[in-house]
Amino acid sequence: MTAISLRDVRKSYGGLEVISDVDLDIETGEFVVFVGPSGCGKSTLLRMIAGLEGINAGELLIDGKFANDVPPARRGIAMVFQSYALYPHMNVFENLAFSLKIAHVGKPEIERRVQAAADMLQLTPYLKRRPRQLSGGQRQRVAIGRAIVREAKVFLFDEPLSNLDAALRVATRIEIARLKERLADTTMVYVTHDQVEAMTLADRIVVLNAGRIEQVGRPVDLYDNPRNLFVAGFIGSPA
Ligand code: ADP
Ligand code: MG
Numbered sequence: 004m005t006a007i008s009l010r011d012v013r014k015s016y017g018g019l020e021v022i023s024d025v026d027l028d029i030e031t032g033e034f035v036v037f038v039g040p041s042g043c044g045k046s047t048l049l050r051m052i053a054g055l056e057g058i059n060a061g062e063l064l065i066d067g068k069f070a071n072d073v074p075p076a077r078r079g080i081a082m083v084f085q086s087y088a089l090y091p092h093m094n095v096f097e098n099l100a101f102s103l104k105i106a107h108v109g110k111p112e113i114e115r116r117v118q119a120a121a122d123m124l125q126l127t128p129y130l131k132r133r134p135r136q137l138s139g140g141q142r143q144r145v146a147i148g149r150a151i152v153r154e155a156k157v158f159l160f161d162e163p164l165s166n167l168d169a170a171l172r173v174a175t176r177i178e179i180a181r182l183k184e185r186l187a188d189t190t191m192v193y194v195t196h197d198q199v200e201a202m203t204l205a206d207r208i209v210v211l212n213a214g215r216i217e218q219v220g221r222p223v224d225l226y227d228n229p230r231n232l233f234v235a236g237f238i239g240s241p242a
């Protein structure tokens, strides 16, 4: 089943088109990675799926239903950003529980979901700590945990590792790969400009260039058969 369809989607800012003719189907449970240089429109596309940016033309379908005007909170989507923006005055448990409290989820259910997320991300020993008492990698795991507790059908990640140093980046990438296995039915769309992240995490890679899709395919297919030099430069083996 198709979780997300983009049909001829376009987006302009002040007369400048930054997303052009994007056509893409993302299947339920798939891990799709958007790659491309800075400014090519990766975040804009992700924010359009989340409902944080409007769509100027074309259609967004979520589970086959027209969703261009569905408010973000009704899309069943959770987003993890590059800057993890935790609440500094709340401990890890409270940071994880916050969105559920707002949504009036009952206390035992909050407890269950926070425990499950903490368990999944190996955060259980840190539940009483404040964000400033955590490493960057632990903070980013809390940010990911906030998406998990919502039990969203779709996770969107916008360069979640780019603020981490090299060692933490590897560790957190492994954590995300594990999450992909644990939440196999959850659709995940992941933005990065890092080739290694794309190659190791993706079921399919979407290569973007100046607001357009250059090529879509499995990592091995893009690596072996890049359609052009641009794709080769990003993904392919050196010719
Ligand atoms: P990426 O995430 O691939 O680096 P973005 O989606 O952030 O790229 O940006 C795509 C293009 O749209 C860039 O040229 C950027 O300057 C422009 N852009 C993004 N957001 C806005 C905005 N709110 N107003 C005007 N231009 C924007
Ligand atoms: Mg971006």
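Each residue of the sequence shown is one higher than the one before, counting from 4 in this note's numbering.
Backbone N, C-alpha and C define an ideal beta-carbon position, used for all residues, glycine too.
Small disclaimer: the values here were computed from a predicted structure and weren't measured.
query, result
"Whether R142 touches Y87 by CB criterion (8 Å)", "yes"
"Own chain residues within Cβ distance below 7 Å of L243, not counting five before or after", "Nothing in the structure corresponds to residue 243, since the chain is present only between 4 and 242."
"Residue environment, Q218, which counts as buried when at least 16 other CB atoms sit within 10 Å", "buried"
"Proximal residues to R207 (C-beta, below 7 Å), its chain only, five neighbours per side dropped", "E33, V35, V219, G220, R221"
"Any non-hydrogen atom of the ligand ADP closer than 7 Å to V219 Cβ", "no"
"From A81, V145, L126, H107, residue whose alpha carbon lies closest to that of Y90", "V145"
"C-alpha gap between A242 and P229, whole angstroms", "Legend: pLDDT at A242 = 48, less than 50; position of this residue unreliable, no value from coordinates given."
"Three or more C-beta pairs below 8 Å linking the region 37 to 50 and the region 182 to 202", "yes"
"CB-CB length for T203 against F158, believed under 8 Å", "Their Cβ separation, rounded to whole angstroms, is 17 Å, which puts T203 and F158 out of contact at 8 Å."
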